[in-house]
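Each remark here refers to the structure printed beneath this line.
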Amino acid sequence: MYRYILNRLLLSIPTLIGAAALVFILMRLIPGDICVVRLGSGGSINPTAVANCHAQLGLDRSLVLQFFDFIAGFARGDFGTSMWSGKPVSQEIATRIPVSLEIALLATLVAVLIAIPLGTISALHQNSWLDHIVRTVAIAGIATPSFWLGIMSILVVLEVSHLAFGAPWMPPIDYVSLWDDPLRNLSIVILPAITIGYRYSAVTMRMTRSAMLEVLREDYIRTARAKGLFEHIVVNRHALQNALLPVVTLIGIEFAFLIGGLVVTEQVFNLNGIGRLFVLAVQNQDYTLTQALVMLTVAIFVVTNLAVDVLYAWLDPRIRFG
Amino acid sequence: MTVLAQDAPALRRSWLDTAFAFSRRQPLGTFGLVVVVVAAIAGLSAEWIAPYSPTANDFAAMTEPPSAAHWLGTDQFGRDLLSRIIYGARTALIIGFVSAFVGGFAGLVLGVGSAYFGGVIDLVLQRVMDVLMAFPLIIMALAVVAIFGTGVQNVIVAITVPRASALSIREVPYIDAARTCGFGHARIILRHMVPNVVAPFLIMLTAFVGQAILAEASLSYLGLGVQEPTPAWGLMLQGGAEEYASTAPWIAIFPGLAIALTVFGFSLFGDALRDAIDPKLRDR
Amino acid sequence: MKNRTGWLAESLSIALSAALAAALTAAPAAAENIKRGGILTYMIPADAPPSLDGHKENTYATLHATAPFYSTLIAINPDNPSSSTDFVCDLCTEMPKATDDGKTYTFKIRKGVKFHDGTPLTAADVATSWQYIVHPPKGVSSARESYMVMVDTVESPDPETVVFKLKFATSAFLPALADPFAYIYKKETLEKDPTWYEKNILGSGPFKFVAYETGQSIKGVRNPDYYHEGQPYLDGFTAIFAAKQSVRVDAIRADRAATEFRGMPPSARDELVKELGDKITVQTSDWNCVNLLTPNQKKKPFDDVRVRRAMALAIDPWKGAPALSKIATVHTVGGLVFPGSPLAATKEELQKIVGFGPDIEKSRAEAKKLLEEAGAAGLKFELMNRNVDQPYKFVATWAIDEWSKIGLKVTQRVLPTGPFYDALRSGSFEVAVEFNCQNMVNPLLDVAKVLPRSVYPENYGGYEDPKLIEIYNSMLRETDPAKQRAKMREFETYALDTQVDTIMTPWWSRIITHRSYMKGWKISPSHYLNLNLANIWLDK
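Chains as they are written, first to last, in the working numbering: chain A, -16 to 305; chain B, 50 to 333; chain C, 384 to 923.
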C-alpha cells in the first residue's frame, strides 16, 4: 500500500511541473499584460507609465529567469505576490477559500443526502414510473447550464418574496463568515450550494443507480433473497455497501471538478471565492496569481484522485486482503 | 458494427414493429432520440424554417414579448428569438459534434497508442493527459481566444484539447493476446482493439456532445466563446439575458431551455443506447 | 446603524423626494432639513482595484474605494458638478486669479487641516504631492503626467502657499488641477516610501479608514475633525465590490445597497422604476465618455480617405441614438467635444460634418459611390471590440448593421482588455471600437485623442498629420474664448470631415438610480467626480 502511494506521489511530480510549464507559457502567449490592463481605464495608455509598471513588477526580466523564479518559489513554499494587488498570493487565496469551501461542502452534502437514497430507489424499481421520474430529474440536472439555473433561482426568489411579502428579498451582498452570523451566512450560501449541488447530485444519482443495478444482478443477491432475508437487509447490508464503491470514487472525482462549477457560479452570485479570483487573475493577466491558482487546482485534482484510488483499494476487500 | 441488440435475430420483424418495441421499452430514450432529430433538422434546414434572419436588427420591435409576429419574442436588438434559436441549433450541433469527434478521435488515438506501446510512451502520454484533464478549462479557453481569436473553430479547440483525454480508452488484455499470436501492430490495433472500443466510444460520444454544448454555453457566458452577432444559445444567455431577466424574461428563458432540452435529449439517447448494448444492464 | 438599513425597515420607511428625470443642469439644492447619521452602503462595479494609490491608477475602482478618505486642492463644485468651469476650493482658501499673463497661480492653503493620524497638513504636503504627479521622481509612475504638460514648477515658498508656474497660459490648467485622483498625501511618507499609498490609506478627507477586505468591501467612518463645517453628515460608509450588474440591480431593488456611482443601463432603470416607484430616484447626465470607430490607416484600404468617408456616411446617428438609448448607455449625438460644453458644435454645425448629415439616403448613396471609386465595394473586414456589453457591444452591433446597408460585410472580433490594448498598440487590427473617457470635462485636453502618435502616444489610428498638430497647438494657446471656439470648429472639421481620422458614435449617457433616501448627491458628466460623500445625507 505504501509503495503504491509513494509511486503515485512520485508520478504526480511530472504532472505538476507539466502544468506549471503549460500555464507559464499560455499566460505569456496572451497578448498584452497586466500593466496594460491596469492603466487602460480611459482608453489611452501612457507608454512611460507602462514601462515603469513593467520594471516594478519584474516583467522586464528574461522569461527563463521568471520561470526559474516561479518554480524555485514553489519548491520553497513561497507562492509570490499578486501582481494586481501587491499582496502575497497566499493571503489572497486564504481570504477567499472559506466561501468556496463552504459552498463545496454544502453542495456535497446535498448531493450525498439526496442522490444516494434516490439512486437506490430508482435502481430497485427499474423502469417503473418512479425510475423514469428520478432519471429525468437527474438528467435535467446534468443538462441544465448551472449559471442559467443560478440566474433563474435569484429571479424566482426575488419575485416570490415580492409577491409573498410585498418587498423583494435577496441574500445579503456583503459576506459574513459562518462563525460570525450563521443565519446570514447560510442565507448567502444556500442558493449557490443548491445550484452546484443539483448537478453534483444528478451525477451521483445516476452512478448510484447504475452501480446498484449491476450489484443487484449479482448471484449473491439472488442467494440472499432466496434465503428469505428482508428486502431492506438485502439492500442495505449486501447491495449498497458494494455499490457504494464506485459511487464514493465518483463523489471524490467530481469534488475536484467542483472548482470549474464554482468559477461560473461565483460570478452569478457575486461571491468572493476562489472561482471568481480565478477569473479575475486570468482577465487581469496577473501571472503570479494565475500560476499559483492553477498549481493549486492541479494539486487538488491529483491529491483527490490519489485519495479516491487509495480509498477504493482499501474499501474493496478483494484488493485489501488479496 | 454497432447494432441495436434484438433478442431474436432470426425473426424478421418489420422495422416499424422494432421501433415501437424500442419506444415502449425505452420511453426516455425515444424522447431523447426525438429531441436529437428535431435539433438536427432545425440545424440543417435553418434557412428554410426560420421566419426571420437571425441577425436582422429591428429597433422598432425591441424586447417584445411572445406574439403572433414573433412566437418567442424578440431580444434587445429586436431580433426574432425563434429564428436565433433555430440557427443556434446549427451552431450548437456543429460545436458539439466536431468537438466530440475531434476530441474523441484524438482521445482514441492517444489511449490506444498509449496502451499498446506501453512503457515510457505510455507513462509520458498518461502524464500529458493528466495535466490536460486537471488544467482549468477557463484558462485554456482564454488563452485560445486571446491568441487565436473568438469564433466557432477556436471554441472547439478550447473545448476538445483538455477533455479529449476523457475519451481515451485503454484495452490491455487484447494486446497481450494478439501479440502472442505474432500479429503486426496495425492488424492488432485495427482488427482487435478498435472494434471492441467502438461501442462504448460511441456512447461516450453522445454524452460528450452534450457536455461540449454546455461548455460552449459557459464559455460564452464568461465572454470567451462565440461572438455577436453569431446566433449561439450560450451567447444569447450572456449579457442581455441577465440584464433583462426581470423585464423581458423570455430572452433568458428560451435559450436556456434550448440548451437544457438538447443536452437532455442527447443524454437520454446515450443512456438508452448504453442500456441496449451493455449486456449487464439489460432487462432480465 | 446597520439594523436601519435592513430590508424590513426599508419597506416601512417613507420616501420623500419625487423621481428626477432631469438632463444636464441640476437645480440648486433645496433647503431641506439635513438629517445627520446613518451608514451609506454603495456598490463599486468592479472586482478589486489594482492598488489604492490614486496617483498611479486610472480606474474608477480605485477612486470609488478611496476618494472619501482624501482631500484635493480644488474640486468641481459638488452642488453644481455638471458644470465644467465651476471649481471650488477643497484645501485652498479661495480660487486665485492667474497672474503673470496667466502663467502663475498662487493658492493659499487652509489653516488647521489635519491628516487622520493627527499630524498637520501644510502647503509642503500639497506641493510635494503635486510634484509627484507632475514631475514624478525616477522610478515613480504618475498616471496623469501627460495631462500636466503645461506645468513648469510647483513650489511651496511658505507653509501656507503653493505656487504653480506654467510653461504657457492655457484654460486647460484649472480643469486638470481639479482631477479627482490628485489626492494630497503626506510629504514625509511620499519621500520615505513612494509605494506606501498603494496598500495603505492615510488622508485628510471626510472619512477615516476602517477596514478593507480584498474583493469584498471597504469601510470608512466619519472624520470628526473635517475642516468643512458640519460635514460629513453620514456616520460612515460601506462600499461593496459587485462586478455583476444583475447583482447590483437586485441589490438596489432589495435595499441591500443604496446606489452605485458608475451608471446603469436603461433596462435596469426601467425595471427599478417599475418596481420601486418613488422609492427610487433617477438622475441622468451626458457622460464624458464616447466610443470612436477608428480605422487603422496603416492597413489597406483604410488608408484611402474615400473608404473612411464612406464608412462615416453609412452611419445615421440621428436615428440610431434614440433607438440605442433605449437599450444602451448612449444618448446624445455629438462631435469631438463633449456635448453641452461651450466649445461643442451646435446641431447645425454638426450636420455639415460627414456622418452627421440630415439625409441618410443621400449619404448612403454617396457612400456606395465612393466605395466603387476606391475599388472597395462589398469590402469585408473585422471590427475589433472590447469584451464589455455596455455600450461597446451594442454600439458595435449597431454600426455593423449600418455598414451592411452600403454592402460592407463586417464581423466582430471581441477581445478581453489585455489583448485588446495590445492589438491596439501594435496596430494589428483593421477597425477598432476605441473609447475616450476622461475624468474631467476638459475639451482642450480631451480632443487630443485624435492627434497623431508623434505627439499623443495613445493614438492608434496609424496616421501622421502636421497640419492637425498645428491647428491644435494654436487652439490650446488661444486665450480669447470666441477665437478658441472657431479654432475648435476648424480642428473638428479637419479631423472628422476632411481626414475622417475617426468616426464618432453617440456620446454615453450616465444613468444613476439611487434609493430616494440618499440625498445631497448630484450627478455629473463623469463617474470620477463628486465621490467623497461629504455632502450626502440619509433621509431615514
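For glycine and all other residues, C-beta sits at the position ideal for the given N, C-alpha and C. As the structure is a prediction and not an experimental result, all values here were calculated from the model.
Can you have a look at residue i and say buried or exposed, based on whether 16 or more other CB atoms are within 10 angstroms of its CB?
i: Asp66(B); result: exposed
i: Pro165(A); result: exposed
i: Phe315(B); result: buried
i: Thr116(A); result: The question names Thr, but residue 116(A) is Ile in the sequence shown. Exposed: under 16 other Cβ atoms inside 10 Å.
i: Gly211(A); result: exposed
i: Tyr616(C); result: buried
i: Trp297(A); result: exposed
i: Ala117(B); result: exposed
i: Thr729(C); result: exposed
i: Ile134(A); result: buried
i: His221(A); result: buried
i: Ser148(B); result: buried
i: Met189(B); result: buried
i: Val713(C); result: buried
First and last residue of the alpha helix (DSSP H) that includes residue i?
i: Leu(-1)(A); result: -15 to 12
i: Phe50(A); result: 46 to 59
i: Arg689(C); result: 688 to 697
i: Gly272(B); result: Counting along the chain, Gly272(B) falls outside any alpha helix (DSSP H), and DSSP gives it neither H nor E.
i: Arg133(B); result: 130 to 166
i: Thr862(C); result: That residue, Thr862(C), is in no alpha helix (DSSP H); it is neither H nor E in DSSP.
i: Arg205(A); result: 202 to 209
i: Ala559(C); result: 556 to 560
i: Arg652(C); result: 649 to 659
i: Asp772(C); result: First-last for Asp772(C): undefined, no H or E at that position.
i: Asn35(A); result: 30 to 40
i: Trp579(C); result: 579 to 582
Could you tell me which residues DSSP pairs with residue i in its beta bridges?
i: Trp891(C); result: Val713(C)
i: Lys548(C); result: Thr487(C), Thr536(C)
i: Glu744(C); result: According to DSSP, which records beta bridges pairwise, Glu744(C) is partnered with nothing at all.
i: Glu765(C); result: Thr794(C)
i: Arg605(C); result: Phe590(C)
i: Trp920(C); result: Lys902(C)
i: Gly619(C); result: Ile422(C), Val604(C)
i: His115(A); result: In the DSSP output, where bridge partners are listed per residue, His115(A) has none listed.
i: Lys497(C); result: Pro503(C)
i: His897(C); result: Thr664(C)
i: Glu643(C); result: Met426(C)
i: Thr482(C); result: Thr487(C)
i: Phe624(C); result: Ile427(C)
i: Asp541(C); result: Thr544(C)
Which residues in the same chain as residue i place their Cβ atom closer than 8 Å to its Cβ, once the five residues preceding and following it in sequence are excluded?
i: Leu914(C); result: Leu446, His447, Ala450, Pro451, Pro563, Phe644
i: Ala697(C); result: Ser746, Arg747, Ala750, Glu785, Trp786, Lys788, Ile789, Leu791
i: Thr123(B); result: Asp107, Ala110, Met111, Thr112, Glu113, Asp129, Leu130
i: Ala760(C); result: Lys751, Leu754, Gly790
Give every residue of the same chain whose Cβ lies closer than 6 Å to the Cβ of residue i, excluding the five residues on either side of it in the sequence, and list them in chain order.
i: Ala87(A); result: Leu241
i: Lys902(C); result: Trp920, Asp922
i: Trp579(C); result: Thr572
i: Ser909(C); result: Asn671, Asn822
i: Leu733(C); result: Gly718, Phe739
i: Pro151(A); result: Leu141, Ser144, His145
Starting from residue i, follow the beta strand (DSSP E) in both directions and report where the run begins and ends.
i: Pro678(C); result: 672 to 678
i: Ser668(C); result: 663 to 669
Among residues of its own chain, excluding the 5 on either side of residue i, which ones have a beta-carbon nearer than 7 Å to its beta-carbon?
i: Val217(A); result: Ile204, Ala207, Arg208
i: Phe50(A); result: Phe7
i: Asp473(C); result: Ser454, Thr455, Leu456, Ile457, Ala458
* What runs of the alpha helix (DSSP H), each 4 residues or longer, lie entirely inside the stretch 421 to 475 of chain C? -> 443 to 449
* To do: Enumerate, from N- to C-terminal direction, the unbroken beta strand (DSSP E) stretches of 3 or more residues contained entirely within the stretch 783 to 823 of chain C.
  => 792 to 798, 814 to 820
* Please go through the stretch 64 to 130 of chain B and give each complete alpha helix (DSSP H) segment of 4 or more residues, from N-terminal end onward. => Fully enclosed alpha helix (DSSP H) runs of 4 or longer: 64 to 74, 76 to 93, 95 to 98.
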